[in-house]
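Chemist:
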Amino acid sequence: MSKQRTVNSRRGTTRRRFLRDSVLAASGATLGTLALHRSVHAAGEGTIKIGMIGAGGRCAGAAAESMQASPDVKLVAICDLFEDRVKGAREALQAAAPNQVAVDDDHCFVGFDGYQKVIESADAVMIACASKFHPMYAEAAIRAGKHVFVEKPHAIDPVGVRRMAAACELAKTKGLSILSGLQSRFDTGYQETVKRIHDGAIGNVVAMQSMFLRGPYRLEPRQPNVSEIEFQYRNWYHFLWLSGDDVPQSLVHNIDRMCWIMHEQLPEWAFGLGGRSASFGEVYGDMFDHHTVVYEYQNGTRLYALCRTQANTYGNTGDIIMGSKGQCDLQNYVITGETNWRFEGTRNNPYAAEQAALVEAIQNDKPINSAFHMISATMIGVLGQIACYTGQPVNYAEASQADLQFGPSPDEVNFETPPPTVADATGNYPLPMPGITQLM
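Taking this note's numbering, the leading residue of the sequence shown gets 7, the next gets one more, and so forth.
As structure tokens, this is what we get:
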């Protein structure tokens, strides 16, 4: 892929075209084999049975918020690769919502086939686990006629993005809901602030700055008699082939908000830099601990996006939008310049709001489908990650159709899978090398 072809391609990629092309590309491998089961839950039928695919904090949080949305929501099944996590999640949720958690021992599933059993047991599934598996699990649930909530990132590589896009299209065909974990669009403060930007409060958008600066992800030290592959599964946030690294993992929230600001326009290309400077040792896997990505749009607007996962450093997850007549501090709902405004309304909980929207959609048989923004925000994140790893400018249209998949297919992995990466004699895993690593 030459720099000239990457940077100068001006095909005017649109979100609608990308969704169409992704679905067509994936249809031979996925949609053609999917049985068109309708939803098992009819509107007005009372109880909505939900199941958890993944037993970590985010999946448990989504389940709790779903149950808070309606007393008709009942948690009936949980799965994870590890029994201790299933039991821990069940115990915590039973304590929080004892009248809505009905997960007996026979519906606590452990292992790689657990997701299938949860899908069989529920009307709707909450998917939040190692991100590599999100497209496969969402596809399986929709194939079975179940509604889906799926956390970000919705995929970690172009192959996975196209698979998720096809699953979203199938959900639309079957009248099923698929809701993204990108919760910002349910935030009332963001909604009002973005509306004012769209109405011209800061003039034309010139540039955007987005940050997701935080400490390291949860660490689980290696235990005696734990295999290398189990160690990686337990610490999946720290391994590229399972998590996708931090641009699609964290910065995707900011990217989604900037897509919103930009009226869903896609960037034409990106370049980036990144590496590891403060986090060493085997528990940190093979991910970078800092990234910076510059995205350029067809009209010349640029998004400067950066993320970091280092201890004892400055934290910020906000966005600054600079316009020809002023600027916006989006996180604080503040506009300054020719127009001076601050959101004075009541701040809501967008995590709870999105789950309430999903419950309402199921109860009223009015499906909600997040495909329009979840697919492109995810792919923009993947684009940025590729740019950081390679050190090269990368064109969006080319990256979105690349045959790039990190690690083995999610359909083929288990506890016997040879680890795609292993630590060297110093206890560190090999990292991508900008200027040397080639992915496309």
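C-beta atoms are modelled at their ideal positions from N, C-alpha and C, and glycine is treated no differently.
Fair warning: this is a prediction, and the values are worked out from it, not measured in the lab.
Where do the ends of the beta strand (DSSP E) carrying His296 lie?
Modeler: Looking up residue 296 in the sequence shown gives position 290. His296 to Glu302 is the span of the beta strand (DSSP E), which, as asked, contains His296.
Chemist: For Tyr239 and Ser415, what's the separation of their Cα atoms in angstroms?
Modeler: Within the sequence shown, residue 239 is the residue found at index 233, counting from 1. Within the sequence shown, residue 415 is the residue found at index 409, counting from 1. Their Cα atoms are separated by approximately 15 Å.
Chemist: Thinking Asp252 and Cys313 are a contact (beta carbons under 8 Å), I'd like their distance in whole angstroms, please.
Modeler: For the purposes of this step, residue 252 is taken as residue 246 along the sequence shown, with counting starting at 1. For the purposes of this step, residue 313 is taken as residue 307 along the sequence shown, with counting starting at 1. Their Cβ separation, rounded to whole angstroms, is 5 Å, which keeps Asp252 and Cys313 in contact under 8 Å.
Chemist: If we count the other Cβ atoms within 10 Å of its Cβ and call it buried at 16 or more, is Ser183 buried or exposed?
Modeler: As a first step, residue 183 must be located in the sequence shown, where it is residue number 177. It counts as buried.
Chemist: Using alpha carbons as the reference points, say which of Glu71, Lys331 and Ala144 lies closest to Gly209.
Modeler: Here residue 209 refers to the residue found at position 203 of the sequence shown. Selected option, being the one with the closest Cα: Lys331.
Chemist: Quick one: complete alpha helix (DSSP H) runs, 4+ long, within the region 355-384?
Modeler: Fully enclosed alpha helix (DSSP H) runs of 4 or longer: 356-369.
Chemist: Buried or exposed: where does Val428 fall if 16 or more other Cβ atoms within 10 Å of its Cβ makes it buried?
Modeler: For this step, residue 428 is matched to residue 422 along the sequence shown. The residue in question, Val428, is exposed, as its Cβ has fewer than 16 Cβ neighbours within 10 Å.
Chemist: Compare the C-alpha of Tyr339 against each of Pro273, Tyr290 and Thr199 and name the closest.
Modeler: Position 333 of the sequence shown holds residue 339. Here the closest residue by C-alpha is Thr199.
Chemist: Can you list the beta strand (DSSP E) stretches of 3 or more residues lying completely in the region 48-121, in chain order?
Modeler: Here the runs fully enclosed are 54-59, 79-86 and 114-116.
Chemist: Report the three-state DSSP secondary structure of Ser285 (helix, strand or coil).
Modeler: Locating residue 285 in the sequence shown gives position 279, where the first residue counts as 1. Three-state result, Ser285: coil.
Chemist: Judging by CA-CA distance, which residue of Cys265, Trp266 and Phe139 is the nearest neighbour of Leu248?
Modeler: For the purposes of this step, residue 248 is taken as the residue at position 242 of the sequence shown. Of Cys265, Trp266 and Phe139, the residue nearest in Cα terms is Phe139.
Chemist: Output needed for Gly221: all residues of its chain with C-beta closer than 6 Å, excluding positions within five of it in sequence on either side, in chain order.
Modeler: Translated into the one-based positions of the sequence shown, residue 221 becomes position 215. Closer than 6 Å at Cβ, skipping near neighbours: Ala317.
Chemist: Would you grab the beta carbon distance between Val154 and Ala128 for me? Rounded to a whole angstrom, and I think it's under 8 Å.
Modeler: Within the sequence shown, residue 154 is the residue found at index 148, counting from 1. Within the sequence shown, residue 128 is the residue found at index 122, counting from 1. That pair is no contact at about 10 Å.
Chemist: Which residue's Cα is closest to the Cα of Cys114: Val124, Gln106 and Asn105?
Modeler: Sequence index remark: in the sequence shown, residue 114 carries index 108 (1-based). Considering only alpha carbons, the answer is Val124.
Chemist: Name the DSSP bridge partner or partners of Lys396?
Modeler: Start at 1 with the first residue of the sequence shown, and residue 396 comes out as number 390. Note that residue 396 corresponds to Thr in the displayed sequence, not to Lys. BP columns for Thr396 are empty, so no partner.
Chemist: Measure the C-alpha to C-alpha separation of Ala403 and Thr384 and round it to an integer number of angstroms.
Modeler: Numbered from its first residue, the sequence shown carries residue 403 at position 397. Numbered from its first residue, the sequence shown carries residue 384 at position 378. Cα-Cα distance, rounded: 14 Å.
Chemist: Please confirm if the region 274-282 is in contact with the region 365-373, defined as three or more CB-CB distances below 8 Å between the two stretches.
Modeler: Output reads no: the region 365-373 does not touch the region 274-282.
Chemist: By Cβ distance, which residues of its chain are closer than 8 Å to Pro425, with the 5 residues on each side in sequence left out?
Modeler: Translated into positions along the sequence shown, residue 425 becomes position 419. Result list for Pro425: Glu234, Ile235 and Gln238, in chain order.
Chemist: Is the distance from the Cβ of Met73 to the Cβ of Ala103 below 8 Å?
Modeler: Position 67 of the sequence shown holds residue 73. Position 97 of the sequence shown holds residue 103. In this structure, Ala103 lies closer than 8 Å to Met73 by Cβ.
Chemist: Nearest to Gly287 by CA position, among Ala431, Pro254 and Asp78, is which residue?
Modeler: Start at 1 with the first residue of the sequence shown, and residue 287 comes out as number 281. Among Ala431, Pro254 and Asp78, the Cα nearest to that of Gly287 is on Ala431.
Chemist: Taking only the alpha-carbon atoms, compute the straight-line gap between Thr446 and Ala405 and give it to the nearest angstrom.
Modeler: The residue given as residue 446 occupies position 440 in the sequence shown. The residue given as residue 405 occupies position 399 in the sequence shown. Strictly speaking, residue 446 in this sequence is Met, with Thr absent from that position. Each residue's Cα considered, the two are about 8 Å apart.
Chemist: When the Cα atoms are used, what is the spatial distance from Gly166 to Gln411?
Modeler: Counted from its first residue, the sequence shown places residue 166 at position 160. Counted from its first residue, the sequence shown places residue 411 at position 405. Computed Cα separation, rounded: 7 Å.
Chemist: Can you tell me whether Phe192 is helix, strand or coil according to DSSP?
Modeler: If you number the sequence shown from 1, residue 192 lands on position 186. If DSSP states are grouped into helix, strand and coil, Phe192 belongs with the helices.
Chemist: Cβ of Val365 within 8 Å of Cβ of Val79?
Modeler: The residue labelled residue 365 in the question sits at position 359 within the sequence shown. The residue labelled residue 79 in the question sits at position 73 within the sequence shown. Cβ distance < 8 Å, so Val365 and Val79 count as in contact.
Chemist: Does the region 53-62 come into contact with the region 84-103, if we say contact requires no fewer than three beta-carbon pairs (one atom in each stretch) closer than 8 Å?
Modeler: With the cut-off at 8 Å, the region 53-62 and the region 84-103 touch.
Chemist: With His140 as the anchor, note down where its alpha helix (DSSP H) starts and where it stops.
Modeler: Stepping through the sequence shown from its first residue, residue 140 is reached at position 134. Counting along the chain, the alpha helix (DSSP H) containing His140 begins and ends at His140 to Arg149.
Chemist: Once you ignore the five residues that flank His160 on each side, which residues in its own chain have a CB closer than 6 Å to its CB?
Modeler: Looking up residue 160 in the sequence shown gives position 154. His140, Met170, Met380 and Thr384, listed in sequence order.
Chemist: To the nearest angstrom, how far is the alpha carbon of Tyr290 from that of Ala136?
Modeler: For this step, residue 290 is matched to residue 284 along the sequence shown. For this step, residue 136 is matched to residue 130 along the sequence shown. Whole-angstrom Cα-Cα distance: 16 Å.
Chemist: Quick one: Cα of Gly433 to Cα of Arg282, how far?
Modeler: The sequence position of residue 433 within the sequence shown is 427, counting from 1. The sequence position of residue 282 within the sequence shown is 276, counting from 1. Each residue's Cα considered, the two are about 15 Å apart.
Chemist: Which two residues bound the contiguous alpha helix (DSSP H) that contains Arg168?
Modeler: Counting from 1 along the sequence shown, the entry for residue 168 is found at position 162. Run containing Arg168: Pro164 to Lys180, per the alpha helix (DSSP H) assignment.
Chemist: How is the beta strand (DSSP E) around Ala403 delimited, first residue to last?
Modeler: What you label residue 403 is simply residue 397 of the sequence shown in a count that begins at 1. Segment Tyr402 to Ser406 is the alpha helix (DSSP H) holding Ala403; no beta strand (DSSP E) there.
Chemist: Pick helix, strand or coil for Gln316, following the three-state DSSP scheme.
Modeler: Translated into positions along the sequence shown, residue 316 becomes position 310. Three-state result, Gln316: coil.
Chemist: Using the beta-carbon count (16 or more within 10 Å), is Ala31 buried or exposed?
Modeler: One-based indexing of the sequence shown puts residue 31 at position 25. Reliability fails at Ala31, whose pLDDT of 47 lies under 50, so the model's placement of it is uncertain and no value is given.
Chemist: Report the rounded CA-to-CA distance for Gln255 versus His297, giving the unit in angstroms.
Modeler: In the sequence shown, the residue the question calls residue 255 occupies position 249. In the sequence shown, the residue the question calls residue 297 occupies position 291. So the two alpha carbons sit approximately 12 Å from each other.
Chemist: Just to confirm, is the Cβ distance from Tyr310 to Gln444 under 8 Å?
Modeler: Position 304 of the sequence shown, counted from the first residue, corresponds to residue 310. Position 438 of the sequence shown, counted from the first residue, corresponds to residue 444. No, these two residues do not count as a Cβ contact at 8 Å.
Chemist: Output needed for Arg228: all residues of its chain with C-beta closer than 8 Å, excluding positions within five of it in sequence on either side, in chain order.
Modeler: The residue you call residue 228 lines up with position 222 of the sequence shown. So the qualifying residues of the chain are Phe237, Glu288 and Val289.
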